Amino acid sequence: MIRIVKAAYVSLVYAFLYVPILVLVVFAFNDSRVATNWQGFSLRWFAKLFGNETLLGAAVNSVLVGVLAATLATAIGTLAAVAIYRYRFLGRKVLSTAVYILTIQPDIVMGISLLVLFMAVRMPLGFTTLLLAHVTFCIPFVTITVLGRLKGFDTHIVEAAQDLGASEYEIFLRIILPMILPAVAAGWLLSFTLSLDDVMVSFFVTGPSFEILPLKIYAMVKLGVKPEVNALSAILLVLTFCIVFAAQLMMKERREK
Amino acid sequence: MTGREPIIDIRNVSMRFDDTLVLDDISLSIANGEFLTFLGPSGCGKTTLLRLLAGFESPTSGDIFINGQRMNDVPPHRREVNTVFQSYALFPHMTVFENVAFGLRRKKLPASEIKGRVAEMLALVKLEGLGGRRPAQLSGGQQQRVALARAVVNRPLVLLLDEPLSALDFKLRTQMQMELKHLQRRLGITFVFVTHDQAEAFAMSDRVAVMSSGHITQRGTPQEIYENPQNLFVASFVGEINILDAVITGHAPDHLEATIEGRRGALHSRRDYPDGQRVKVLLRPEDLRLSRPEDPEAAEACFSGVIKECTYKGATVDIQVEIEGGKALQATEFFNEDSEDIDYRPGEPVRVSWVRGWETVLPDD
Ligand SMILES: Nc1ncnc2c1ncn2[C@@H]1O[C@H](COP(=O)(O)OP(=O)(O)OP(=O)(O)O)[C@@H](O)[C@H]1O
Ligand SMILES: [Mg+2]
């Protein structure tokens with residue numbers, strides 16, 4: 119009896135999470151203008167989507183910012199994590215606490231504060247400001263991911279390397295980096311997805327010269343959800359699945375080695 | 010140990026963490042080629058002392074000399090010592106070969122030499138053919154050998170070992186103790202070993218330094234320490250021992266007269282004690298002799314008592330005797346072919362004596 123209740127409960131939770139997504143994907147193939155009734159299978163919304171230059175342009179911009187922001191944030195965030203883990207310096211405690219605060223503070227606060235900052239230094243809003251903003255909010259997530267893995271290690275491993283004659287640089291390159299690589303990769307993927315679907319911060323810090331996908335979609339759905347948006351969402355969904363799957367595969371291979 | 014110059018010289022070293030004094034004025038010389046063990050209970054500062062030698066910490070005061078050079082502020086990677094960690098601390102992402110080669114590669118030796126030395130080392134610790142495995146694919150004992158090989162392959166002046174065998178089961182541990190000792194003899198490298206296991210320390214070491222709360226309380230060969238403990242701490246830490254209360258009552262030409270646990274008796278001591286001095290008499294279980302009241306040797310026995318319990322241990326029997334006055338003594342008797350009379354029953358009356366001169370007398374403080 120309890121097992122049936124448990125199974126039902128779990129099914130319900132998953133249904134709640136995934137049915138809307140499923141509906142969205144199904145309606146991307148609906149041969150109808152309005153999304154409420156099913157009129158038969160069609161790929162016309164995908165065709166229409168690929169004919170929409172501005173939407174595609176925004177998508178390319180989004181991916182570009184995502185890749186760049188993830189890469190920069192991963193580099194900076196990883197080094198920060200290693201520094202916090204490895205060295206005792208003034209303000210270390212403050213820094214590691216600040217990292218956690220940054221992840222829970224409301225996006226709107228970060229958006230506005232960055233906007234104020236960019237205005238203060240008279241930076242024109244556009245690609246650069248957007249990239250800087252994305253790098254900023256991705257760093258703490260990378261740092262926390264990497265720090266989590268570092269804390270799981272036997273502290274004597276680094277000492278053993280020192281004992282065997284490794285310099286600081288060699289310790290980083292040959293011991294720490296290879297051991298945290300899965301976390302670094304996970305941090306990159308996390309940053310990429312965060313950057314790709316950010317609306318709130320981006321809304322404040324980008325200008326009309328540089329359009330990105332989430333903002334574009336946001337603008338489009340104000341006039342009603344078009345089936346094109348469904349099609350786009352379906353593509354993004356498949357893309358996300360691929361990334362998550364790749365990440366899982368990578369982690370698994372590492373563990374088996 | 011005479012005639013060999015010290016490879017390590019620890020001079021008045023103290024170590025303080027925040028407010029606690031962890032090492033208090035330690036001085037010790039370790040001879041080249043010696044197998045020295047720091048033996049002491051948990052928290053007495055053994056690991057801290059080893060970390061000072063390795064260079065992971067530097068002493069609050071005092072000096073450490075290795076091979077004649079002052080080492081206080083020399084970082085670990087510039088010291089010709091290597092450490093075997095208790096947790097092994099193998100590099101999980103490297104193969105066994107890469108682990109062992111790590112130190113040699115840091116020295117930028119030619120690849121062919123590295124290959125030869127690693128192979129030789131793996132053969133020495135009986136790990137041939139496992140060079141391609143990762144640490145996670147090895148048993149505990151094999152990981153232990155990799156840790157050992159990884160340190161020894163660098164041919165350090167001194168090898169530091171911090172309880173390297175404590176994670177192994179009893180049988181493997183005793184086997185590894187013998188292997189370590191043979192390895193040390195064969196390589197001639199100075200080994201500084203740390204353990205809280207008295208049997209382990211005695212089985213391997215040339216010399217043992219017994220530590221207690223930041224001090225070295227006694228140093229000497231295992232035999233010296235076992236037979237002549239200099240204080241109660243050492244006596245009771247290294248093996249089972251019976252401690253009797255006594256008061257000196259007079260002096261005879263070759264012994265001291267005393268009242269021991271309320272009975273008159275004779276004590277033999279290297280040190281002289283004044284009349285009236287309260288002392289402790291220490292006797293190892295194997296030094297006690299039990300006899301039945303009707304036996305001839307019972308006449309010169311000091312105590313009479315009652316058998317409480319007998320525990321058979323194969324070649325020996327552990328016997329608990331309660332002597333007059335209520336004190337329980339632990340005695341160990343060895344089986345030998347022509348005397349089966351150690352077959353005591355609980356409740357049986359016995360006489361207790363000991364081999365003259367085998368007692369240790371310490372002041373009672
Ligand atoms: N980094 C440190 N900071 C503060 N106190 C420390 C530090 N390292 C060790 N201590 C303290 O120093 C004392 C001795 O520690 P140490 O690790 O040397 O003991 P040990 O003899 O090796 O014990 P065990 O047999 O349990 O390993 C302990 O009381 C410990 O709490
Ligand atoms: Mg220790």
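Protein sequences, first through last, are from chains W and X. Each residue of the first sequence is one higher than the last, beginning at 119 in my numbering. Each residue of the second sequence is one higher than the last, beginning at 10 in my numbering. Where is the CB? At the ideal position from N, CA and C, for every residue including glycine. Bear in mind that the values here come from a model prediction, so they are computed numbers and not experimental data.
Checklist entry - Got a sec? Which residues, its chain only, sit under 7 angstroms from residue 264 (chain X) by beta carbon, not counting five neighbours each side? => result The residues are 275, 276 and 277.
Checklist entry - To which residues does DSSP link residue 298 (chain X) through a beta bridge? => result The partner list for residue 298 (chain X) (beta bridge, DSSP) reads X:362.
Checklist entry - Roughly how far, in whole angstroms, is the beta-carbon of residue 167 (chain W) from the beta-carbon of residue 173 (chain W), given that I think they are within contact range, below 8 angstroms? => result With a Cβ gap of about 7 angstroms, residue 167 (chain W) and residue 173 (chain W) count as contacting.
Next on the checklist: For the beta strand (DSSP E) containing residue 38 (chain X), name the first residue and the last one.
Outcome noted: Segment 29-40, the beta strand (DSSP E) holding residue 38 (chain X).
Item to check | Own chain residues within Cβ distance below 7 angstroms of residue 160 (chain X), not counting five before or after | outcome: Excluding positions up to five away in sequence, the list reads 91, 92, 93 and 168.
Next on the checklist: If the cut-off is 8 angstroms on Cβ atoms, which residues from the segment 208-226 of chain W count as contacting chain X, listed in chain order?
Outcome noted: So the list is empty, because no residue satisfies the distance condition.
Checklist entry - Which residues bound the beta strand (DSSP E) around residue 256 (chain W)? => result In the DSSP assignment, residue 256 (chain W) falls outside any beta strand (DSSP E) and within the unbroken alpha helix (DSSP H) covering 245-269.
Checklist entry - Which chain X residues are close to residue 329 (chain W), counting only those with a beta carbon under 8 angstroms from its beta carbon? => result Within chain X, no residue has its CB atom less than 8 angstroms from the CB of residue 329 (chain W), the nearest being about 43 angstroms off.
Item to check | Reduced DSSP secondary structure (H/G/I, E/B, other) of residue 72 (chain X) | outcome: Of the three classes helix, strand and coil, the one that applies to residue 72 (chain X) here is strand, per DSSP.
Item to check | alpha helix (DSSP H) runs contained entirely in the segment 135-179 of chain X, provided each spans 4 or more residues | outcome: Listed in chain order, they are 149-161.
Next on the checklist: So, at 8 angstroms on beta carbons, what are the nonlocal neighbours of residue 344 (chain X) in its own chain, with the 5 sequence-adjacent residues on each side left out?
Outcome noted: 324, 325, 326 and 351, listed in sequence order.
Checklist entry - Does the pairing of the segment 121-137 of chain X with the segment 44-61 of chain X give three or more beta-carbon distances under 8 angstroms? => result Contact between the segment 121-137 of chain X and the segment 44-61 of chain X is absent, because fewer than three Cβ pairs lie under 8 angstroms.
Checklist entry - If you run the structure through DSSP and keep just helix, strand and coil, what is residue 274 (chain X)? => result In the three-state reduction of the DSSP assignment, residue 274 (chain X) falls in the strand class, which pools E and B.
Next on the checklist: Closest to residue 175 (chain W) by C-alpha separation, out of W:276, W:197, W:141 and W:327, would be which residue?
Outcome noted: Closest by C-alpha distance to residue 175 (chain W), out of W:276, W:197, W:141 and W:327, is W:327.
Next on the checklist: Going by DSSP in three states, residue 46 (chain X) sits in which element: helix, strand or coil?
Outcome noted: Assigned with DSSP and collapsed to three states, residue 46 (chain X) falls in strand.
Checklist entry - If we cut at 8 angstroms on Cβ distances, does residue 96 (chain X) have a partner in chain W? => result With 8 angstroms as the cut-off, residue 96 (chain X) counts as an interface residue toward chain W.
Checklist entry - Just to confirm, are residue 433 (chain X) and residue 251 (chain X) a CB contact at a threshold of 8 angstroms? => result Given a span of 10 to 374 for chain X in the structure shown, any question on residue 433 (chain X) remains unanswerable.
Next on the checklist: Using a Cβ distance threshold of 8 angstroms, determine whether the segment 359-368 of chain W contacts the segment 186-198 of chain W, with at least three qualifying pairs required.
Outcome noted: Verdict: no, contact absent.
Item to check | For residue 321 (chain X), the three-state DSSP class (helix, strand or coil) | outcome: If DSSP states are grouped into helix, strand and coil, residue 321 (chain X) belongs with the strands.
Next on the checklist: Below 8 angstroms on the Cβ atoms is my contact criterion, and I expect residue 21 (chain X) with residue 38 (chain X) to pass it. Report the Cβ-Cβ distance as a whole number of Å.
Outcome noted: Between residue 21 (chain X) and residue 38 (chain X) a beta carbon distance of about 12 angstroms is seen, past the 8 angstroms cut, so the two are scored as non-contacting.
Next on the checklist: By the three-class DSSP mapping on this structure, what secondary structure does residue 230 (chain X) have?
Outcome noted: DSSP places residue 230 (chain X) in coil when its eight states are reduced to three.
Item to check | Close Cβ partners of residue 348 (chain W) (< 6 angstroms) along its chain, the five nearest in sequence each way excluded | outcome: In the same chain as residue 348 (chain W), and ignoring 5 residues on each side of it, the C-beta atoms closer than 6 angstroms to its own belong to 142, 145 and 146, in chain order.
Item to check | Residue-chain proximity (residue 101 (chain X), chain W), Cβ-Cβ < 8 angstroms | outcome: With 8 angstroms as the cut-off, residue 101 (chain X) counts as an interface residue toward chain W.
Next on the checklist: Out of W:322, W:292 and W:335, which one is the CA nearest neighbour of residue 237 (chain W)?
Outcome noted: Out of W:322, W:292 and W:335, W:322 has the C-alpha closest to the C-alpha of residue 237 (chain W).
Checklist entry - Is the distance from the Cβ of residue 371 (chain X) to the Cβ of residue 289 (chain X) below 8 angstroms? => result Closer than 8 angstroms, so yes.
Item to check | Integer-rounded CB distance, given that residue 331 (chain X) should sit under 8 angstroms from residue 356 (chain X) | outcome: Cβ atoms of residue 356 (chain X) and residue 331 (chain X) stay farther apart than 8 angstroms, at about 10 angstroms.
Checklist entry - Cα separation between residue 166 (chain X) and residue 199 (chain X)? => result The alpha-carbon atoms of residue 166 (chain X) and residue 199 (chain X) are separated by roughly 7 angstroms.
Checklist entry - Is the beta carbon of residue 298 (chain W) less than 8 angstroms from the beta carbon of residue 268 (chain W)? => result The answer is yes: Cβ separation under 8 angstroms.
Next on the checklist: Per DSSP, what are the beta-bridge partners of residue 79 (chain X) in this structure?
Outcome noted: Here residue 79 (chain X) is bridged, per DSSP, to X:74.
Item to check | Alpha carbon of residue 305 (chain X) to alpha carbon of residue 239 (chain X), nearest angstrom | outcome: Near 34 angstroms, if we compare the C-alpha coordinates of residue 239 (chain X) and residue 305 (chain X).
Checklist entry - What in chain W is Cβ-close to residue 274 (chain X), meaning under 8 angstroms? => result The contacting residues do not exist; residue 274 (chain X) stays about 53 angstroms from chain W at best.
Checklist entry - Taking 7 angstroms as the cut-off, is the CB of residue 56 (chain X) close to at least one heavy atom of ligand 2? => result Yes, the beta carbon of residue 56 (chain X) sits closer than 7 angstroms to at least one heavy atom of ligand 2.
Item to check | Short-range partners of chain X found in the segment 293-317 of chain W, where Cβ spacing is below 9 angstroms | outcome: Of all residues in the segment 293-317 of chain W, only 293, 296, 297 and 299 come within less than 9 angstroms of chain X when Cβ atoms are compared, listed by chain position.
Next on the checklist: Check this for me: beta carbons of residue 49 (chain X) and residue 300 (chain X), under 8 angstroms apart or not?
Outcome noted: No, these two residues do not count as a Cβ contact at 8 angstroms.
Checklist entry - Cβ-heavy atom distance between residue 121 (chain X) and ligand 1 below 7 angstroms? => result Flag unset: Cβ of residue 121 (chain X) not near ligand 1.
Checklist entry - How would you call residue 203 (chain X), buried or exposed, if buried means at least 16 neighbouring beta carbons within 10 angstroms? => result Residue 203 (chain X) is buried by the Cβ-count criterion.
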